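Be aware that the sequence shown starts at 1180, since it is given in my numbering, and climbs by one per residue. The next block holds one structure in the form of structure tokens; read it before the comments.
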Amino acid sequence: MEGGVGAEREGRLRALLARVADPEIPVLSIVDLGIVRHVRQDADGRWRVGLTPTYSACPATEAIRSAVRTALDAEGLTDVILEEVLSPPWTSAWLTSEGRQKLRSFGIAPPEETVASPRRLWQAPLVSCPRCESRSTERVSEFGSTPCKAHYRCSACGEPFDYFKCL
Ligand SMILES: [Zn+2]
């Protein structure tokens, strides 16, 4: 059964991708981040995995690509082609709900809005505290532990936290 073999291979590829961690936020897999655009077999019989970079200035992009390649090769899947999908661009809306939950339990506030929101162009986003969910938070510095995170502090409970802003 051709379809059965294809489905089995796709499941294996997706399971493998779900084990590749984001280098900046290792609690998230690249599947949680929503950057895996497609896993498919084309008419030429070859499997292709499409990845979208989270942010062009993110140094993590190359690290993610090579981590996926290494994982594929380790499973003997050297014939799988990795493709970069630049359009449409990734937005934080692609973070899965599981990924958002993982961010919160890791003490990072998930992005509230996507880059498509016009309000974001005019003012800083409203950021909820990952501990008490208060919206009275203040930005302490533009850059947190990595360029993709800003450092915030909750005015309600005093909790310092990173806000994931790599849009
Ligand atoms: Zn708080």
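Don't be surprised by glycine CBs; every beta carbon is placed ideally from N, CA and C. It should be emphasised that the depicted structure is a prediction, and the values quoted were computed from it without experimental measurement.
Suppose contacts are defined by Cβ-Cβ distances below 7 Å. Is residue i in contact with residue j by that definition?
i	j	result
Thr1275	Asp1211	yes
Thr1231	Arg1244	no
Ala1194	Ser1208	no
What do you get for residue i, buried or exposed, if any count of 16 or more other CB atoms within 10 angstroms of its CB means buried?
i	result
Ile1214	buried
Glu1187	exposed
Pro1309	buried
Val1201	Going by the sequence as given, residue 1201 is Asp instead of Val. With 16 or more other Cβ atoms within 10 Å, it is buried.
Leu1282	buried
Ser1320	exposed
Glu1277	exposed
Arg1289	Reading the sequence as shown, one finds Pro at residue 1289 and not Arg. Buried: at least 16 other Cβ atoms inside 10 Å.
List the DSSP bridge partners of residue i.
i	result
Arg1318	Tyr1331
Trp1226	Gln1220
Pro1339	Arg1332
Ile1287	Asp1341
Considering residue i, what are the terminal residues of the alpha helix (DSSP H) in which it resides?
i	result
Asp1258	First-last for Asp1258: undefined, no H or E at that position.
Asp1252	1239-1253
Gly1278	1276-1284
Asp1211	1209-1212
Beta-carbon of residue i versus every beta-carbon of chain B: anything under 7 Å?
i	result
Arg1283	Absence of chain B from the displayed structure is noted, only one protein chain being present.
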